[in-house]
Amino acid sequence: ESSELCSAGPALLSSPGFCSHTLDTMHIAWIGNSYVYYHDLPLMLAGLLAAGGVSSSSGQVTPGGQRLAQHAADPSVAALLEQPWDVAVLQDNSAVPGGADSGDRAASESALRDFFAPRLAGRRVL
-18 ESSELCSAGP ALLSSPGFCS HTLDTMHIAW IGNSYVYYHD LPLMLAGLLA AGGVSSSSGQ
42 VTPGGQRLAQ HAADPSVAAL LEQPWDVAVL QDNSAVPGGA DSGDRAASES ALRDFFAPRL
102 AGRRVL
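The opening position of the sequence shown corresponds to residue -18 in the working numbering, with each subsequent residue numbered one higher.
So, in structure tokens, the structure goes:
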């Protein structure tokens, strides 16, 4: 029996349009760095989903300090994104989104547009 995703409760599931279908298992790809890895966000989210009756599976590429532009050049990221994920979580290096280095920011924007967008078309991206 599948669970209605909205019943799980976490804010990411209550975004408009997200709860238009049911799933037995939510498949989540994690692309990031030590913030995701060290705090074990995939396990934390799996626990929240399980509390709401939704099972989950996940895969991750989360080496320390990694930027989205570096992920875009990583064959293991391309291989991970070939799998049928329902959701992809993208986490850039913490200094990049704040604009600490405009070159890094431009590289991340390029990676999002040229590498990630084509591979994640039709999937939820957080």
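Where a beta carbon is used, it is the ideal one built from N, C-alpha and C, also for glycine.
By the Cβ neighbour-count rule, R48 is buried, with 16 or more other Cβ atoms within 10 Å of its own. By the 16-neighbour rule on beta-carbons within 10 angstroms, D85 is buried. Proximity of the region 8 to 22 to the region 51 to 70 meets the contact definition, three or more beta-carbon pairs being nearer than 8 Å. By the CB criterion at 7 Å, S39 and P65 fall outside the cutoff. In the three-state scheme derived from DSSP, where H, G and I count as helix and E and B as strand, V77 is classed as coil. The residue from L71, S37, Y18 with its alpha-carbon nearest to that of F97 is L71.
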